[in-house]
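Enquirer: Residue numbers (the working numbering): 4 to 191.
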Ligand SMILES: C[S@@+](CC[C@H](N)C(=O)[O-])C[C@H]1O[C@@H](n2cnc3c(N)ncnc32)[C@H](O)[C@@H]1O
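1) When the Cα atoms are used, what is the spatial distance from residue 124 to residue 9?
2) Please list the terminal residues of the continuous beta strand (DSSP E) segment that includes residue 59.
3) Quick one: does residue 55 have its CB under 7 Å from some CB of chain B?
4) Tell me which residue opens and which closes the beta strand (DSSP E) that residue 143 is part of.
5) Measuring CB to CB, does residue 148 end up less than 7 Å from residue 184?
6) Count the other CB atoms within 10 Å of the CB of residue 42; is the residue buried (16 or more) or exposed (fewer)?
7) Please state whether the Cβ-Cβ distance between residue 86 and residue 74 is less than 7 Å.
8) With a 10 Å radius around its C-beta and 16 neighbouring C-beta atoms as the bar for buried, classify residue 49 as buried or exposed.
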């Protein structure tokens with residue numbers, strides 16, 4: 004999907020500000036014929052607000068600040084975005100044609116604040132995304148696709164993506180500290 008500069012997306016100090024990884028995932032996302040879309044960890048709602056024009060969209064985040072901001076951004080843009088506060092898939096029902104996650108991926112222990120949970124992925128940086136990869140299959144509709152962003156440091160998640168799914172790299176960018184890639188996954 005292409006970035007729409009006309010969308011009005013507010014940011015604040017308590018929520019992850021869209022950055023290179025957000026835009027890489029947005030560009031890699033191809034909703035094609037998808038009629039339903041789930042974004043895990045929506046932050047400001049930037050990606051979900053693009054997707055909602057193509058497909059019925061649910062956006063989740065574990066942070067109450069993020070869900071409040073994403074709801075406000077949906078209202079501002081008159082978008083019928085369903086925003087839910089949840090730890091990954093907890094409490095969600097149904098299956099989606101496409102699911103996307105730009106997870107916390109840095110190898111840092113979360114120190115407590117909600118914003119910290121936006122980038123601290125625990126040991127190896129992949130504790131949250133490994134839970135995501137373990138729990139995602141039942142939420143994917145037949146023929147659907149998962150889009151997940153990983154850092155080159157997320158060794159275990161990279162192994163899981165290659166062994167447990169059919170994976171295709173659909174985006175890549177070098178940052179000053181590592182390389183990030185977006186994978187499109189389908190069940191093996
Ligand atoms: C790297 S930020 C990405 C935000 C937004 N999607 C973007 O690309 O700009 C990761 C987001 O995931 C959320 N998050 C972290 N752990 C989560 C979990 N267990 N369940 C749901 N969301 C989570 C964070 O609060 C944060 O908003």
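Glycine included, each C-beta is placed from N, C-alpha and C at the ideal position. These numbers come from a predicted model, not from an experiment.
Expert: Concretely, from the data shown:
1) Against the chain shown, residue 124 aligns to sequence position 121. Against the chain shown, residue 9 aligns to sequence position 6. C-alpha separation (whole angstroms): 32 Å.
2) To locate residue 59, count along the chain shown from 1; it is residue 56. Residues 59-64.
3) Among the chains of the structure shown, chain B does not appear; only one protein chain is present.
4) Position 140 of the chain shown, counted from the start, is the residue given in the question as residue 143. Where residue 143 is concerned, the enclosing beta strand (DSSP E) stretches over 143-154.
5) The residue labelled residue 148 in the question sits at position 145 within the chain shown. The residue labelled residue 184 in the question sits at position 181 within the chain shown. No, Cβ-Cβ distance for residue 148 and residue 184 is not below 7 Å.
6) Stepping through the chain shown from its first residue, residue 42 is reached at position 39. With 16 or more Cβ atoms within 10 Å of its Cβ, residue 42 is classed as buried.
7) Mapped onto the chain shown, residue 86 falls at position 83. Mapped onto the chain shown, residue 74 falls at position 71. Contact: yes.
8) Indexing the chain shown from 1 puts residue 49 at position 46. Burial call: buried.
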